[in-house]
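Letter by letter, the sequence shown follows residues -19 to -1, 1 to 322 of mature numbering (1 follows the signal peptide of the UniProt record, and there is no 0). What follows is one structure encoded as structure tokens, with my remarks underneath.
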Amino acid sequence: MIKGIVCGLMMMAGFTAVAQDAAIKNQPPSPLYRDPIYDGAADPVLVYNKAEKEWTMLYTQRRANVQSPGVAFCYGTAIGVATSKDHGHTWVYRGALNLEHERGQNTFWAPDVAFDKGVYHMFVVYIPGVYSQWGGDSHLVHYTSKNLWDWKYEGPLNLPDHNIIDPTLMKMPDGKWHMWYKDQKLGSITMTAESNDLVNWKADDKPAIEGRAHEGPKIFRFKDYYWMITDEWQGQRVYRSKDAKTWEHQGLVLDKPGHRPEDTPTGAHADVVVSDGHAYIIYFTHPGRKKHFEDGGLDADGAYSYTTKRTSIHAAELEFNGETLVCDRDKPFSFWLADVK
């Protein structure tokens, strides 16, 4: 009798564990994350912390709930940090990175992180000072860390003296690192550079992707192709390539409003994580707007409303239909960010 009871309890515990495991792999919450301090999380990038065995989200920490003139809430921004110990379902705010290397309060946007030889390399947009109108002299700067928390400033990148932002990186089969970034002085197109050591960069004078203005390029490998998405402020444009040099123009994803909570109007500046054969796109929205740029205008005090400034982070799955990538942001999907060795 006792053995039977014990066996029954063990089986129930086993079934419970299986049920819990299945539940955690189901549809992620919507929104996936909101910054609890300033409520302006944007431009997310997800990195696996090998030492802590947890996923880390780094993002531009816009100060959406701060009364400020014009677009000042997008400046003076730190890089916020949230972490997840349950494979991406629950994100906990952990603070902001201390990246200041000059006097005063300055602006940091849209990081990307590469891991090489036991060291994390972060490339992030840096703009000295705080502006209330769009402007400032933006550069890409380099930091290194062994734990994703304590960062050493390595200096600005030796790239053309342009107003450049939004880096994305990948190590290619020949062992060289390639970086793609938005060049605002060339009409907001994507340029590229390569490096042997992540320190010294040689820029290509030919555009990687030109045509319609865009920002936030993101490169990833999936289903035997290189893919790049770019933010056209009306959803994400998809590009496909066999060699990461010649890109085929594809359609848009996240261009139509979703019906999950906060998942509207369109998906902006995104990251893509390929995990266990799935491609997950992580993006932000302005849920208080009907269109991405429909900000409601300035009030009598020269400020935008909190409702139109605040942002939410979401996750959806990119699917390969045999030709290109598509995304139904309302479709239930199994979400599971696996550990990375």
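Each residue gets a CB set at the ideal place from its N, CA and C atoms; glycine is no exception. Note that the structure is a prediction, hence the values are computed from the model and not measured.
Which of helix, strand or coil DSSP assigns to residue i
i, result
"K152", "strand"
"Q8", "coil"
"S315", "coil"
"F201", "strand"
"K217", "The sequence as given places Gln at residue 217; Lys does not occur at that position. Correct three-state label for Q217: strand."
"Y261", "strand"
"T171", "strand"
"Y285", "coil"
"F274", "coil"
"K290", "helix"
"A225", "coil"
"A23", "strand"
"A53", "helix"
"A91", "strand"
CB contact check: residue i to chain B, cutoff 7 Å
i, result
"K237", "You won't find chain B in this structure, because it holds only one protein chain."
Cβ-Cβ separation, residue j to residue i (assumed contact under 8 Å), whole Å
i, j, result
"E185", "A194", "Rather than Glu, the amino acid found at residue 185 in this sequence is Asp. That belief does not hold up - the Cβ atoms of D185 and A194 are roughly 19 Å apart, past 8 Å."
"M119", "V106", "It should be noted that the sequence gives Ser, not Met, for residue 119. About 5 Å; that satisfies the 8 Å criterion."
"V122", "G136", "7 Å"
"A22", "I210", "Wrong, their Cβ atoms sit about 19 Å apart, outside the cutoff."
"A59", "F89", "6 Å"
Bridge-paired residues (DSSP) for residue i
i, result
"R241", "The partner list for R241 (beta bridge, DSSP) is empty, contrary to what the question assumes."
"E300", "V307"
"V111", "Its beta-bridge partners do not exist; DSSP assigns none."
"I60", "T41"
"I145", "D164"
"L279", "Answer is none; L279 lacks a bridge partner."
"E196", "D212"
"E33", "The partner list for E33 (beta bridge, DSSP) is empty, contrary to what the question assumes."
"V28", "T37"
"V234", "Q217"
"G76", "V62"
"W130", "Per DSSP, none; premise fails for W130."
"G85", "G85 is not bridged to any residue."
Neighbour-count burial assignment, residue i, 16 or more Cβ in a 10 Å radius
i, result
"M103", "buried"
"K199", "buried"
"S115", "Checking the sequence, you will find Trp at residue 115 rather than Ser. By the neighbour-count rule (16 or more Cβ atoms within 10 Å), W115 is not buried but exposed."
"D24", "buried"
"L16", "Residue identity differs from the one stated: residue 16 is Asp in this sequence, not Leu. Per the 10 Å Cβ criterion, buried."
"residue 346", "Past the edges of the chain, shown from -19 to 322, lies residue 346, and the structure says nothing about it."
"N87", "buried"
"A281", "exposed"
"A251", "buried"
Is the region 281 to 301 close to the region 223 to 232, with three or more CB pairs under 8 Å? Between the region 281 to 301 and the region 223 to 232, the count of C-beta pairs closer than 8 Å stays below three; the two stretches do not touch.
Could you tell me whether the region 272 to 280 touches the region 295 to 314, using the rule of 3 or more Cβ pairs below 8 Å? no
Does the structure place the region 292 to 304 close enough to the region 258 to 268 that three or more beta carbon pairs sit under 8 Å? Using a C-beta cut-off of 8 Å, the region 258 to 268 makes contact with the region 292 to 304, since at least three inter-stretch Cβ pairs fall below that distance.
Between the region 168 to 182 and the region 237 to 246, do three or more beta carbon pairs fall short of 8 Å? No, the region 168 to 182 does not touch the region 237 to 246.
Could you check whether the region 60 to 71 touches the region 34 to 46, counting it as contact only if at least three pairs of C-beta atoms, one from each stretch, sit closer than 8 Å? The region 60 to 71, when compared against the region 34 to 46, does touch it at the 8 Å Cβ threshold.
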